[in-house]
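Enquirer:
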């Protein structure tokens with residue numbers, strides 16, 4: 008399972024005019040080899056504070072186009088930005104949003120979800136338990152089950168950042184991106200220009216892509232002292248792995 012550039016183009020058309028086109032800030036950073044010019048894609052200015060709403064909105068609108076979006080709305084298991092993105096997407100489309108979060112989810116994000124109108128359910132002490140509960144709830148209610156990073160429409164939505172970068176920054180580029188479950192890096196890899204390359208940045212204690220690339224196959228990674236509460240996937244997603252494996256222009 009993977010996506011195509013055409014999927015990204017469709018996603019871009021689908022979400023156009025509904026989300027912010029985030030700006031690029033050009034600056035210089037000091038390195039041991041002197042100053043280096045960088046361009047920062049300010050996705051924290053997007054609705055919900057991250058890129059996640061791109062994929063959630065694309066998936067929700069695509070389901071609506073196909074007649075697959077019911078009165079039950081959308082449902083997602085996430086204790087972080089994916090849930091906030093789903094809540095914003097549901098609000099834009101005008102459908103309910105239900106979120107299943109681990110009991111240890113950051114309380115500030117749980118409060119933000121409720122402020123956005125999402126119905127929040129606490130389940131289990133880890134993401135896998137919340138995901139299983141969410142799947143059961145979606146089966147019962149008929150809600151559209153979203154995924155934090157391993158769903159084609161989610162990845163295609165994240166990939167809409169790539170053509171924006173291509174329009175705003177002359178290439179070839181070295182794109183440095185955060186990696187959790189790999190939805191963003193998969194979208195960027197699919198949508199980037201020929202000659203660009205991508206470097207994934209992961210917390211030392213949650214480096215599932217780095218470990219998978221070193222082993223040449225997906226492996227479960229232990230989470231230990233992660234640097235950000237939204238970068239805690241235990242295994243890189245299937246779409247990500249199918250997209251980046253064996254490429255010499257992707258590293259972590």
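In the numbering used here, the protein residues as written are 8 to 259.
Don't be surprised by glycine CBs; every beta carbon is placed ideally from N, CA and C.
Keep in mind it's a predicted model, so treat the numbers as computed, not measured.
1. Can you have a look at residue 50 and say buried or exposed, based on whether 16 or more other CB atoms are within 10 angstroms of its CB?
2. Given a cut-off of 8 Å, decide if residue 55 and residue 161 are closer than it, judged by their beta-carbon atoms.
3. Can you round the beta-carbon distance between residue 243 and residue 216 to whole angstroms, since I take them to be within the 8 Å contact cut?
4. If you run the structure through DSSP and keep just helix, strand and coil, what is residue 24?
5. Output the boundary residues of the alpha helix (DSSP H) element that contains residue 121.
6. Does residue 154 come out as helix, strand or coil in the three-state DSSP assignment?
7. Keeping to the same chain, check which residues put their C-beta closer than 7 Å to that of residue 158; ignore five residues upstream and five downstream.
8. Report yes if the CB atom of residue 75 is closer than 8 Å to the CB atom of residue 151, and no otherwise.
9. Quick one: using the 10 Å Cβ neighbour count with 16 as the cut-off for buried, is residue 40 buried or exposed?
10. How would you call residue 21, buried or exposed, if buried means at least 16 neighbouring beta carbons within 10 angstroms?
11. I need the straight-line Cα distance from residue 83 to residue 129, nearest angstrom please.
12. So, for residue 29: in the same chain, excluding its five sequence neighbours on each side, which residues have a beta-carbon less than 7 Å away from its beta-carbon?
13. Would you kindly report the start and end of the unbroken alpha helix (DSSP H) that includes residue 218?
14. By Cβ distance, which residues of its chain are closer than 6 Å to residue 258, with the 5 residues on each side in sequence left out?
15. At the 8 Å Cβ level, is residue 56 part of the contact set with chain C, yes or no?
16. Just the C-alpha distance for residue 89 and residue 42, rounded to the nearest angstrom, thanks.
17. Under 8 Å by Cβ, that's how I've got residue 106 and residue 93 pegged, so tell me the actual separation to the nearest angstrom.
18. Between residue 101 and residue 69, what straight-line distance do the alpha-carbon atoms span, to the nearest angstrom?
19. In this structure, how does DSSP classify residue 10 when only helix, strand and coil are distinguished?
20. With DSSP as the reference, label residue 44 as helix, strand or coil.
Expert: Short version:
1. Flag for residue 50 reads buried.
2. Contact: no.
3. Beta-carbon to beta-carbon, residue 243 and residue 216 are separated by about 5 Å, close enough to satisfy the 8 Å threshold.
4. Note: residue 24 maps to coil in three-state DSSP.
5. Residues 114-122.
6. Note: residue 154 maps to coil in three-state DSSP.
7. The residues are 66.
8. A contact, by the Cβ cut-off of 8 Å.
9. Counting of Cβ neighbours within 10 angstroms places residue 40 among the exposed residues, the total staying below 16.
10. It counts as buried.
11. Spanning the two alpha carbons is a distance of roughly 12 Å.
12. Only 48, 49, 50, 52, 53 meet the Cβ criterion.
13. Here the alpha helix (DSSP H) through residue 218 covers 215-222.
14. Sequence-distant Cβ neighbours of residue 258 in its own chain, meaning closer than 6 Å and more than five residues away, are 206.
15. Among the protein chains of the structure shown there is no chain C, as only one such chain exists.
16. Taking the straight line from one Cα to the other gives about 35 Å.
17. With a beta-carbon spacing of about 7 Å, residue 106 and residue 93 fall inside the 8 Å limit used to define contacts.
18. Approximately 14 Å between the Cα atoms of the pair.
19. In the three-state DSSP reduction, residue 10 falls in the coil class, being neither helix nor strand.
20. Correct three-state label for residue 44: strand.
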